[in-house]
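K.L.:
Attaching a single structure in structure tokens format; questions to follow.
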Amino acid sequence: VAHELRTPLTNILLWAQTAAEQGTADPRMVERAITVITDESKRLERVVQDMLSISEIESGRQNLSLTDVDLLILAETLREDFGPQAREKGIELSFDLPPKLPVLTADRDKIGVALHNLVGNAIKYTPAGGTVTVGVRENEEGQVIFEVQDTGIGIKESDLTRIFERFQRAEDERIAGITGTGLGLAIARDLVRLHGGDIEAESQPDEGSRFTLRLPGRRAA
Numbered sequence: 073v074a075h076e077l078r079t080p081l082t083n084i085l086l087w088a089q090t091a092a093e094q095g096t097a098d099p100r101m102v103e104r105a106i107t108v109i110t111d112e113s114k115r116l117e118r119v120v121q122d123m124l125s126i127s128e129i130e131s132g133r134q135n136l137s138l139t140d141v142d143l144l145i146l147a148e149t150l151r152e153d154f155g156p157q158a159r160e161k162g163i164e165l166s167f168d169l170p171p172k173l174p175v176l177t178a179d180r181d182k183i184g185v186a187l188h189n190l191v192g193n194a195i196k197y198t199p200a201g202g203t204v205t206v207g208v209r210e211n212e213e214g215q216v217i218f219e220v221q222d223t224g225i226g227i228k229e230s231d232l233t234r235i236f237e238r239f240q241r242a243e244d245e246r247i248a249g250i251t252g253t254g255l256g257l258a259i260a261r262d263l264v265r266l267h268g269g270d271i272e273a274e275s276q277p278d279e280g281s282r283f284t285l286r287l288p289g290r291r292a293a
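Residue 158 in our numbering is what sits at position 86 of the sequence shown, and the numbering runs on without skipping anything.
See below:
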């Protein structure tokens with residue numbers, strides 16, 4: 073976690089200094105600096121949000137603010153937040169939405185955090201040329217189902233039982249250079265379980281992964 077905080081802070085400082093020293097001579101460099109500072113600030117914000125979420129969960133201070141969630145807006149937010157990152161990596165990010173979206177009563181911010189963590193992981197561990205698909209549907213029991221499926225590096229069966237534990241990452245040499253706190257999936261599952269739902273993971277090495285998030289649908293007033 074210390075590394076995850078230190079790295080974006082260092083990059084922000086270096087690019088800010090470079091822009092201040094050379095900005096007037098190279099406008100393109102300033103544009104690049106602004107892009108890096110913005111991206112690293114978002115990365116830092118995600119780490120801080122993860123730490124705050126874990127702190128609230130452990131202290132028992134997590135309360136739900138239930139409203140009817142507009143799933144189309146939620147999907148558009150995910151597209152806006154992760155579209156540029158996917159394009160930069162050469163990944164196709166698509167959304168499989170039914171003509172009529174189900175109604176979900178939930179804490180929009182907390183479900184947003186859970187989905188952000190799942191989609192962010194999918195993009196992070198999918199190589200260039202791959203795909204990430206986010207699907208939404210309603211099952212026969214009235215549950216709202218989100219599926220985040222990728223064609224990434226996959227997860228070994230021995231690691232599948234550990235990936236939802238805090239500060240745990242898969243023991244795979246291919247992810248050694250990929251940053252991460254090991255908190256995202258743990259937080260996502262905690263937030264979903266707080267709603268009375270759960271998350272399941274299916275994966276095969278080199279064939280990709282599918283994370284299925286199940287939530288109760290519309291709740292009675």
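We put the CB at the ideal spot given by N, CA and C, even for glycine.
By Cβ distance, which residues of its chain are closer than 8 Å to Leu138, with the 5 residues on each side in sequence left out?
P.N.:
Thr177, Ala178, Asp179 and Arg291
K.L.:
Classify Thr223 as helix, strand or coil using the three-state DSSP reduction.
P.N.:
Here Thr223 carries a coil assignment [DSSP, helix/strand/coil].
K.L.:
Which residues mark the beginning and the end of the alpha helix (DSSP H) in which Phe167 is found?
P.N.:
Element bounds for Phe167: not the alpha helix (DSSP H) but the beta strand (DSSP E), Glu164 to Asp168.
K.L.:
May I ask you to report which of helix, strand or coil DSSP gives Ile235?
P.N.:
coil
K.L.:
When you compare only the Cα positions, how much space is there between Val191 and Asn135?
P.N.:
24 Å
K.L.:
Which residue spans inside the stretch 130 to 197 form an unbroken beta strand (DSSP E) run of at least 3?
P.N.:
139 to 141, 164 to 168 and 176 to 178
K.L.:
How many angstroms separate the CA atom of Arg234 from the CA atom of Ile225?
P.N.:
Rounded to whole angstroms, Arg234 to Ile225 spans 17 Å at the Cα level.
K.L.:
Enumerate in chain order the residues of its own chain whose CB-to-CB distance from Ala200 is below 6 Å, with the five nearest sequence positions on each side excluded.
P.N.:
Lys161 and Gly162
K.L.:
Taking C-alpha atoms, which residue in Arg286, Trp87, Glu212 and Leu255 lies nearest to Leu266?
P.N.:
Arg286
K.L.:
Could you say which of Arg238, Asp222, Thr110 and Arg100 lies nearest to Ile129 if we only look at CA atoms?
P.N.:
Nearest option by C-alpha distance: Arg238.
K.L.:
Using a Cβ-Cβ cut-off of 8 Å (strictly less than) and excluding sequence neighbours within five positions of Thr90, which residues of its own chain qualify?
P.N.:
Met101 and Ala105
K.L.:
From Leu169, Asp140, Glu93 and Pro99, pick the residue whose C-alpha is nearest to that of Thr205; which is it?
P.N.:
Leu169
K.L.:
Going straight from the alpha carbon of Arg159 to that of Ala147, what length do you get?
P.N.:
17 Å
K.L.:
Could you check whether Leu144 and Leu187 sit closer than 8 Å to each other, using their CB atoms as the reference points?
P.N.:
Not closer than 8 Å, so no.
K.L.:
Check whether the Cβ atoms of Gly184 and Gln221 lie closer than 8 Å to each other.
P.N.:
no
K.L.:
Does DSSP put Glu213 in a helix, in a strand, or in coil?
P.N.:
coil
K.L.:
With a CB to CB cut of under 7 Å and the five nearest residues on each side skipped, what residues in its chain are close to Val264?
P.N.:
Ala186, Asp270, Ile271, Leu285 and Leu287
K.L.:
In three-state DSSP terms, what is Glu272?
P.N.:
strand
K.L.:
Taking all protein chains shown into account, decide if Arg261 is buried (16 or more other Cβ within 10 angstroms of its Cβ) or exposed.
P.N.:
Flag for Arg261 reads buried.
K.L.:
Are Phe167 and Ile195 closer than 8 Å when you measure CB to CB?
P.N.:
No, they are not a contact pair.
K.L.:
Hey, Trp77 and Leu124 are a contact pair by Cβ (cut 8 Å); roughly how many whole angstroms apart?
P.N.:
Reading the sequence as shown, one finds Leu at residue 77 and not Trp. The C-beta distance from Leu77 to Leu124 rounds to 13 Å, too long to fall under 8 Å, and the pair is not in contact.
K.L.:
Using the DSSP secondary-structure output, state which residues sit across from Thr96 in a beta bridge.
P.N.:
According to DSSP, Thr96 bridges with nothing at all.
K.L.:
Determine which residues share a DSSP beta bridge with Ser281 and list them.
P.N.:
Asp222 and Ser275
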